Structure formats: C-alpha cells, structure tokens
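For reference, the structure is listed below as structure tokens.
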Amino acid sequence: MDTTLAFNLLLSMADASHTDLDATWKMCGTPCDSSIPTFKLLDEALLPLIEAREKPACLADGLPEIPKRWTLKDADVGVFKTGRPNKQQRGQMYRQKLAWEKNRRQARRERREKTEDWVKVTLSDLLEERDYLSAYGVKGYLPKSIARLEELLKEARTV
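Residues -16 to -1, 1 to 143 in mature numbering (1 follows the signal peptide of the UniProt record, and there is no 0) are what the sequence shown lists, from first letter to last.
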C-alpha cells in the first residue's frame, strides 16, 4: 500500500466529512448528527498512516498560500436592495460558495501533495478545520492525529 496516497486520501475524506455544516438542519454539529463517530474513525485510521510516513528532512519556512475560507463579503451578487439578499441572490451566493470551497479544497490537496514538509501542512489544515468546527460547537475533530503531528513538529524543531 502506498502510505502517502492513503494518507492524502484520508485527509481529503476528513476535509469533506463536514461539508454539510451549513447546508441542512441535520448538519454537522447538531445533536442529531453523527460526525463525532465519523471523526473518531478517521482519527483511528489516520494515526497509523502518520506513523508510517517518512519524517520530512527539513521544516519548511512558510507554507504555500491557499484561498481563505469563503465569507459573505466574497459574494458577488450585486446590491441588496432590501438590506439582505433576495431568493435569487441567496441561490447565487450558495453556488459561489460551493465553487469557492471546491477550489479551496483542491488547492489544499495540491499543497499537501507537493510540499515536502507534510507534517506542517497537515497540522495547519487540521488545526484550521478543528477551529472552524469548534465555532459551531463540534468537538473531537481528529484530536489524536493533531496531537501526534504536534509532537512530530516539536521533535523536528529540537533536532
């Protein structure tokens, strides 16, 4: 098994595991969602892959930039005549957000695949997602994997 490929696949799955966050009333983070068991399974599957990967030879000074997360300020739908978007504008905003987030996930995936310092890139992505989900009340986003990556980063800095 190619551990790098499996590792990147699992990270892509983790990235897509909460894309319903603001799409439905049964969204990730509500009492009726099942994201926590899913995150636990992903965490348990990711840990052995972290251990199996070869440690990076050196730490990267900085990470390649990726698009920021979409916000309402990024919407390009014209003026809100009533102070808030109408039905057509809401639909346009939703489609813009989906396209933006798709491009963002693709940029993150490409950064993971091309950057040699996979520990720093992965930790950056997982911490960003954990903090984003935490704002919605979702706890338990890959805690063991994040802790292990933090240990690896700390070890690399002391060497």
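For glycine and all other residues, C-beta sits at the position ideal for the given N, C-alpha and C.
Since we're looking at a predicted model, the values are computed, not measured.
Problem - Whole-number beta carbon distance between S108 and L47, since they are thought to touch under 8 Å - result: 6 Å
Handout entry: Where L(-12) falls, given that 16 or more other Cβ within 10 Å makes a residue buried
Key = exposed
Problem - Burial state of K104 (16 or more Cβ within 10 Å) - result: buried
Exercise for the section: Would you check whether the ligand NAP has a heavy atom nearer than 7 Å to the C-beta of V103? Expected result: As far as ligands go, the structure on display features none, and thus does not contain the ligand NAP.
Handout entry: Option in L133, R141, T142, A140 with minimal Cα separation from P32
Key = L133
Problem - Contact set for P69: own chain, Cβ-Cβ below 7 Å, skip 5 residues either direction - result: V61, M77
Problem - Rounded separation between S118 and L30 - CA only - result: 20 Å
Handout entry: Per-residue burial, F23 [other beta carbons within 10 Å of its own, 16 or more giving buried]
Key = buried
Problem - Rounded C-alpha distance that separates K128 from P40 - result: 20 Å
Practice task
Quick one: grab the DSSP three-state call for L110.
Solution key: helix
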